[in-house]
Amino acid sequence: MGTNETRWDFGAGEHAARVEADGFEKGESLWRDAWHRLGRNRGAIWSLRVLVLVVVLATLAPLLPLPSPMALDLQDEPQPPVLPFADPGNHGFTPEARRQFEDAWEPGGFDRALIAARVKLFGTYQTGHWLGTDSKGRDLLARILWGSRVSLLVALSAGLCSLLIGVTYGAFSGYMGGWVDNLMMRFVDVLYSVPFVFVVIFLVTVLAEFRVERIASDGTTQLLTLEEAYGIDKMLVFFVVIGAIFWLTMARVVRGQVLSLKNSEFIEAARVIGASTPRILFVHLVPNVLSVVIVYLTLTIPSIMLFEAFLSFLGLGVEPPRVSWGLLAVDTTEAINPVKTFWWLVAWPSLAMGSTLLALNLLGDGLRDALDPKMKGSK
Numbered sequence: 058m059g060t061n062e063t064r065w066d067f068g069a070g071e072h073a074a075r076v077e078a079d080g081f082e083k084g085e086s087l088w089r090d091a092w093h094r095l096g097r098n099r100g101a102i103w104s105l106r107v108l109v110l111v112v113v114l115a116t117l118a119p120l121l122p123l124p125s126p127m128a129l130d131l132q133d134e135p136q137p138p139v140l141p142f143a144d145p146g147n148h149g150f151t152p153e154a155r156r157q158f159e160d161a162w163e164p165g166g167f168d169r170a171l172i173a174a175r176v177k178l179f180g181t182y183q184t185g186h187w188l189g190t191d192s193k194g195r196d197l198l199a200r201i202l203w204g205s206r207v208s209l210l211v212a213l214s215a216g217l218c219s220l221l222i223g224v225t226y227g228a229f230s231g232y233m234g235g236w237v238d239n240l241m242m243r244f245v246d247v248l249y250s251v252p253f254v255f256v257v258i259f260l261v262t263v264l265a266e267f268r269v270e271r272i273a274s275d276g277t278t279q280l281l282t283l284e285e286a287y288g289i290d291k292m293l294v295f296f297v298v299i300g301a302i303f304w305l306t307m308a309r310v311v312r313g314q315v316l317s318l319k320n321s322e323f324i325e326a327a328r329v330i331g332a333s334t335p336r337i338l339f340v341h342l343v344p345n346v347l348s349v350v351i352v353y354l355t356l357t358i359p360s361i362m363l364f365e366a367f368l369s370f371l372g373l374g375v376e377p378p379r380v381s382w383g384l385l386a387v388d389t390t391e392a393i394n395p396v397k398t399f400w401w402l403v404a405w406p407s408l409a410m411g412s413t414l415l416a417l418n419l420l421g422d423g424l425r426d427a428l429d430p431k432m433k434g435s436k
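In my numbering, the protein residues as written are 58 to 436.
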């Protein structure tokens with residue numbers, strides 16, 4: 058016995074045909090629309106290109122045929138910049154110079170691989186002093202590029218630490234509300250009142266001066282610093298301390314965004330189906346505040362770089378023979394005197410750091426405008 062089947066599509070086929078015939082396009086997501094609007098912001102795009110160039114040069118500094126950033130050439134005064142055709146370079150990167158640099162700088166495995174690749178590509182060749190030298194005869198171009206690695210690493214590490222702590226702390230505080238939120242925010246207020254420069258001074262002093270007794274293999278007693286006794290990396294502590302300073306404002310920003318979202322319909326729906334608190338926080342809430350977090354992080358990194366430069370200027374951050382943009386600022390102050398000013402020691406480090414900070418700020422402003430939901434679809 059045959060049966061007649063009737064399919065009811067309620068006009069779905071006709072609607073699909075009309076969409077295809079009229080050439081309608083699907084709506085854009087917030088991220089795609091934001092990228093299009095960012096692409097129309099010339100200042101932000103050029104800033105992004107500058108930052109990519111800075112990061113690439115900083116990462117590949119060991120591969121470039123530059124003189125050692127710590128090779129001394131004591132002379133009467135700093136040497137001015139020279140044009141590349143006037144001083145194309147020399148063959149001063151000898152195996153002995155390479156060994157001395159690696160012993161003093163202690164590069165990691167990635168940097169050693171890049172240095173080995175540099176030797177294979179360029180041999181012992183190194184560029185001339187195209188941007189001049191400092192008072193100790195060290196090449197300024199090499200010190201700027203190697204110093205950018207330290208400054209960018211401090212900024213990125215501290216920014217990541219700020220991101221992890223601040224987002225988690227602020228999201229949990231805002232979502233829980235009540236006395237939990239009150240208690241957590243009062244703790245943030247207490248930390249805000251602490252002068253963190255003194256905290257950094259205290260930690261650096263403890264790591265450098267505090268001694269513990271250790272029995273050597275020959276039975277003698279030795280007094281070792283905490284860094285020597287327990288393998289505590291001073292630079293790692295420096296990164297963590299700076300990150301621990303800048304997470305406070307991040308926590309407040311994220312808390313405010315979560316407070317405005319936690320009673321939304323999609324959060325209520327997640328509660329109804331039995332989603333756990335961590336799932337609601339990291340699957341539903343945090344992705345929806347990510348745009349604000351990215352913008353704030355972009356604007357925070359310049360502050361971190363300036364803070365690192367300030368601490369290094371005071372002698373509390375990166376220490377010689379390593380170099381950072383903060384230590385270059387110290388050399389800059391030595392170059393300014395009433396008798397004679399060595400302009401290249403001021404101009405080139407200032408240009409490098411200033412252009413990087415300006416690019417970060419312009420990119421942050423561009424991201425803020427691009428990720429603003431109120432501007433979705435704007436030209």
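Even glycine gets a Cβ: it sits at the ideal position worked out from N, Cα and C.
When the Cα atoms are used, what is the spatial distance from residue i to residue j?
i	j	result
D246	V340	28 Å
I222	M242	14 Å
S321	S230	17 Å
T444	L316	A question about residue 444 goes unanswered here, because the residues of the chain that appear run from 58 up to 436.
L402	F295	26 Å
A91	A228	24 Å
W437	L197	In this structure the chain extends from 58 to 436, so residue 437 is not present and cannot be described.
L308	G411	Reading off the sequence, residue 308 comes out as Ala, not Leu. Their Cα atoms are separated by approximately 28 Å.
L408	R89	34 Å
R268	Y249	31 Å
F167	A115	13 Å
V329	D238	23 Å
L415	W400	21 Å
D422	L356	8 Å
T151	G96	46 Å
R271	L281	7 Å
S333	N418	38 Å
C218	Q136	41 Å
Among the options, which residue has its Cα nearest to the Cα of residue i?
i	options	result
S125	R195, G411, P135	R195
D191	L129, F142, L123	L129
L140	R268, H186, G216, A416	H186
I324	G423, S412, N345	N345
R312	L338, L198, T413	L338
T304	G216, E376, F259	According to the sequence shown, residue 304 is Trp rather than Thr. The option with the nearest alpha carbon to W304 is G216.
R379	S360, W236, I201, T398	I201
G234	A161, Q314, G204, I358	Q314
I299	D422, I358, R97, P152	I358
P138	P164, A199, R106, L95	A199
E365	F253, L105, A143	F253
V261	T306, L424, L368, P377	L368
V109	D426, T413, R425	T413
V297	V343, W236, V310, L210	L210
V112	F370, L220, D426, R206	R206
F255	P122, M292, I302	I302
Consider the C-beta atom of residue i and the heavy atoms of the ligand PLP; say whether any pair is separated by less than 7 Å.
i	result
W236	As for the ligand PLP, it is missing from this structure, which has no ligand bound.
Which residues does DSSP list as the beta-bridge partners of residue i?
i	result
E134	Bridge partners of E134: none, in fact.
E270	L280
T190	D196
N418	Beta-bridge pairing links N418 to no other residue.
N147	Q183
Which whole-angstrom value is the C-beta distance of residue i and residue j, which I expect to be below 8 Å?
i	j	result
S348	L428	4 Å
L188	L117	Wrong, their Cβ atoms sit about 18 Å apart, outside the cutoff.
A154	L120	That belief does not hold up - the Cβ atoms of A154 and L120 are roughly 16 Å apart, past 8 Å.
L373	V257	6 Å
V396	L384	No, V396 and L384 are not in contact; Cβ-Cβ is about 23 Å, not under 8 Å.
G165	S381	Contact flag wrong, Cβ pair sits at about 17 Å.
S214	M362	Actually they do not touch by this definition, with Cβ atoms about 12 Å apart.
Open item on the list: Using 8 Å as the cut-off, can you tell me whether the segment 141-156 makes contact with the segment 168-186, which would need three or more C-beta pairs spanning the two stretches below that distance?
Closed with: yes
TODO: Check whether the segment 95-110 touches the segment 346-356, taking contact to mean three or more Cβ pairs, one atom from each stretch, closer than 8 Å.
DONE: no
Task: Touch test, the segment 318-338 against the segment 379-399, Cβ-Cβ under 8 Å, three pairs minimum - done: no
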